[in-house]
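K.L.:
If you read the sequence shown in my numbering, its first letter stands for residue 28, the second for the next number, and so on. We treat Cβ as the ideally placed atom computed from N, Cα and C, and that holds for glycine. Every value quoted in this text rests on a predicted model; they were computed, and no experiment measured them.
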Amino acid sequence: MKVLHAWWQMMPKEKRTLAHADAAIRQARTDIDFLAVLPAQAAQAVLKTYFQAWKNCWGGWAAAPDFKARFRSVLSVDIPQGRDLNIVRVHRRWGMVNIPKVGRVRFRWTKDLPVGKHANTDNRITGARLVKDALGWHIAFRVQALEAKPEPHQGPEVGIDMGVTVPITLSDSETYDHDEWLTVQEQAKLLRLEQRAARRKQHRKPGERTSRRLKHTYDQIAGLRAKAKRRALDWQHQTTTAIAKKYGTVVVEALNITNMVRSAKGTVDQPGKNVAQKAGLNRSISWEAWGRTVTMLTYKTAHRGGTLVKVPAPYTSRRCSACGFITPGSREDQATFVCKNPDCDWSGNADHNAARNVLHLYRIGLVAIPAAGRAVVRRAKRVKPAAAR
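#1: When DSSP labels each residue in this structure, what does D93 get in the three-state scheme?
#2: Grab me the residues of F78's own chain with a C-beta within less than 8 angstroms of its C-beta, minus the 5 sequence neighbours each way, in chain order.
#3: When the Cα atoms are used, what is the spatial distance from K411 to I391?
#4: Let me check understanding here. Comparing Cα to Cα, which of N309, Y326 and K300 lies closest to V277?
#5: Please report the distance separating the alpha-carbon of G163 from that of D360.
#6: What distance in whole Å lies between the Cβ atoms of G122 and V115, which are believed to be in contact at a cut-off of 8 angstroms?
#7: Identify which residue in N384, V394 and H379 has its Cα closest to the Cα of L335.
#8: Do the stretch 138-158 and the stretch 229-237 touch if we need at least three Cβ pairs shorter than 8 angstroms?
#9: Can you tell which of P127, D149 and R135 has the C-alpha that lies nearest to the C-alpha of A167?
#10: Looking only at DSSP bridge pairs, what is E184 linked to?
#11: Quick one: residues in its chain with C-beta nearer than 7 angstroms to the C-beta of D378, no 5 flanking neighbours on either side, listed in chain order?
#12: Within 10 angstroms of its Cβ, does W85 collect 16 or more other Cβ (buried), or is it exposed?
#13: For G143, which three-state DSSP category applies?
#14: With DSSP as the reference, label R401 as helix, strand or coil.
#15: Are G275 and P183 close, meaning C-beta to C-beta below 8 angstroms?
#16: Counting C-beta neighbours from all protein chains within 10 Å, is the total for M37 16 or more, i.e. buried, or is it exposed?
#17: Which word fits H387, buried or exposed, when buried means at least 16 other C-beta atoms lie within 10 angstroms of its C-beta?
#18: Just to confirm before moving on: does the CB-CB distance between V385 and S198 stay below 8 angstroms?
#19: Which one or two residues does DSSP pair with L335 in a beta bridge?
#20: Of the residues V158, A72 and Q171, which one's Cα is nearest the Cα of R151?
#21: Could you tell me the alpha carbon to alpha carbon distance between K273 and M323, rounded to whole angstroms?
#22: For a minimum of 3 consecutive residues, which ranges assigned as the beta strand (DSSP E) are wholly contained in the stretch 158-207?
#23: Candidates K138, S103, P127 and V132: which alpha carbon is nearest R119's?
#24: Let me confirm a value: L260 is counted as buried when at least 16 other C-beta atoms fall within 10 Å, else exposed. Which label applies?
#25: Which residue wins for smallest C-alpha separation from D204, given the options Q181, Q263 and D60?
#26: How is R156 classed by DSSP in three states: helix, strand or coil?
#27: In the stretch 214-294, which residue ranges form an unbroken alpha helix (DSSP H) of at least 4 residues, counting only runs that do not cross its ends?
#28: Between which two residues does the alpha helix (DSSP H) carrying I312 extend?
#29: Taking the beta strand (DSSP E) that T363 belongs to, which residues open and close that run?
#30: Could you compute how far the alpha carbon of K242 sits from the alpha carbon of D58?
#31: Any idea what DSSP makes of G130, helix, strand or coil?
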């Protein structure tokens with residue numbers, strides 16, 4: 028990758044193309060011994076990844092590719108040819124795969140793969156990728172499958188309110204909660220490791236290389252955080268799968284999470300207030316990963332013939348879902364909503380009230396459509412908003 032990046036920066040702009048880069052790699056594999064050891068397919072995969080990074084840059088979705096430190100990048104190796112893998116299932120929980128330049132490697136069998144008599148032209152493995160994270164090496168297989176278009180989901184509509192205390196609340200009053208991602212013992216160990224890393228970092232001089240002991244401590248911290256993330260992903264997958272199976276239309280808020288987790292420090296001239304409390308709230312929001320939950324719901328509902336709709340987020344937690352009015356003081360605390368409208372007096376759980384409001388916005392035709400990076404509101408034709416319900 029470094030050699031390719033250096034070549035790219037050296038060449039004139041008119042020659043920075045995929046074809047010129049491919050020709051340069053082929054010539055380099057002939058002239059340079061250590062590049063000749065690299066399989067041709069792996070070199071092609073590196074080129075495709077690098078060229079896609081530039082396309083993301085040209086499209087305005089990412090910054091220009093640049094060198095990254097080892098600890099800031101994910102170590103991965105692509106195996107583009109599926110026929111070279113020779114996958115065999117040897118046990119209910121284990122399989123064997125052939126990795127070029129490595130040999131036969133055992134892996135944990137977590138999902139059925141189209142191998143042997145189950146593989147055909149419409150359902151087959153086209154490649155794999157080895158990825159190393161804080162928990163070790165993992166292999167992900169690329170599967171090409173032909174699936175029929177799903178029938179429209181006949182399930183009911185549901186609104187979802189996402190929070191920190193209660194992660195997911197549905198408009199039919201069902202809730203989805205989880206425990207802490209780390210046990211008490213693991214949290215105590217993580218705190219000890221972070222304190223140890225802070226002490227060892229104090230003794231480092233400016234510009235001095237990180238000691239092996241400190242690196243080992245960092246690796247232990249990364250391992251615990253990776254374990255917490257894996258548990259969070261597992262809970263999100265199970266929860267979103269259950270929702271996508273049950274409901275045909277899922278309505279969520281169009282949240283600008285980037286602005287929600289912005290720091291409250293302020294400036295030197297205008298310092299912020301309650302900075303520590305806001306920082307704790309930001310960490311809690313980030314751990315819940317609302318955006319990832321919406322992404323999972325999007326493709327899982329589409330896979331089952333359902334739809335996911337986003338509605339405007341303002342005032343969903345302050346408006347009464349029974350009468351439709353916003354009365355000051357109705358949100359008494361985090362969990363209690365009591366409408367102060369004398370003609371209503373509805374009371375209930377605050378998250379349930381917000382989820383009902385989310386669903387009502389969809390039913391009256393208010394839909395948030397992303398346009399140029401912002402959310403705009405569109406009202407369906409011949410639909411009048413109701414001041415009271």
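P.N.:
Result, derived from the coordinates:
#1: coil
#2: L45 and A48
#3: Its pLDDT being 45, under 50, K411 is placed unreliably in this model, and the value from its coordinates should be taken loosely. Per the coordinates, the alpha-carbon of K411 lies some 7 angstroms from the alpha-carbon of I391.
#4: Nearest C-alpha to V277 among N309, Y326 and K300: Y326.
#5: Taking the straight line from one Cα to the other gives about 44 angstroms.
#6: 6 angstroms
#7: Out of N384, V394 and H379, V394 has the C-alpha closest to the C-alpha of L335.
#8: The stretch 138-158 vs the stretch 229-237: no contact.
#9: R135
#10: T276
#11: D188, G190, V193 and T196
#12: exposed
#13: It is helical.
#14: No answer about R401 holds up, because its pLDDT of 43 lies below 50 and its placement is not dependable.
#15: yes
#16: With fewer than 16 Cβ atoms within 10 Å of its Cβ, M37 is classed as exposed.
#17: buried
#18: yes
#19: V277
#20: Comparing alpha-carbon positions, the option among V158, A72 and Q171 lying closest to R151 turns out to be Q171.
#21: 15 angstroms
#22: 163-172, 184-189 and 195-197
#23: Here the closest residue by C-alpha is K138.
#24: exposed
#25: Q263
#26: strand
#27: Taking only runs of at least 4 residues, the alpha helix (DSSP H) segments lying wholly in the stretch 214-294 are 239-273 and 284-287.
#28: For I312, the enclosing alpha helix (DSSP H) has its first and last residue at V302 to E315.
#29: T363 to V365
#30: 37 angstroms
#31: strand
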